[in-house]
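Numbering (the working numbering), first residue to last: 12 to 90. All C-beta atoms in this analysis are idealised placements derived from N, C-alpha and C, irrespective of residue type, glycine included. In this text, all values refer to a predicted model and were calculated from it rather than measured experimentally.
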Amino acid sequence: MIIGVALGMMAALLAAVEVTATVRPDVVIGLVIGVPGVLGMLMILMSSRRWVTAVGAMILAIGPGWFGALTAIQVASGV
């Protein structure tokens with residue numbers, strides 16, 4: 012799960028640099044938390060092997076890391 016949080020933080024930094032379009036904050040929060048949450052839970056629930064469960068937990072942990080990094084970027088930029 013630590014790897015998933017780290018991947019989420021890196022994805023947030025990459026998205027903040029690359030995406031220049033104005034996006035509504037509620038849409039971003041829904042995508043950042045919802046998509047990895049749904050994919051991770053589906054992988055965990057449907058897994059028949061241990062490594063699939065581990066990958067599902069990693070994907071599930073991407074959301075909080077991504078959300079935390081985006082929040083830190085917003086606080087640092089003064090928005």
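Starting from residue 57, trace the alpha helix (DSSP H) both ways and give me its first and last residue.
-> 36 to 57
Is the CB of residue 65 under 8 Å away from at least one CB in chain D?
-> Looking for chain D here will not work: only one protein chain is present.
Look up residue 30 in the DSSP assignment and say whether it is helix, strand or coil.
-> coil
Taking 7 Å as the cut-off, does the CB of residue 34 come closer than this to any heavy atom belonging to the ligand COA?
-> Inclusion of the ligand COA in the displayed structure is not the case, the ligand content being empty and no account of it being possible.
Residue 12 - DSSP class collapsed to helix/strand/coil | coil
Just tell me which of 82, 87, 44, 70 has its CA closest to the CA of residue 12.
-> 70
Please list, in chain order, all residues of the same chain as residue 76 whose beta carbon is under 6 Å from its beta carbon, the five residues on each side excluded.
-> 16, 19, 20
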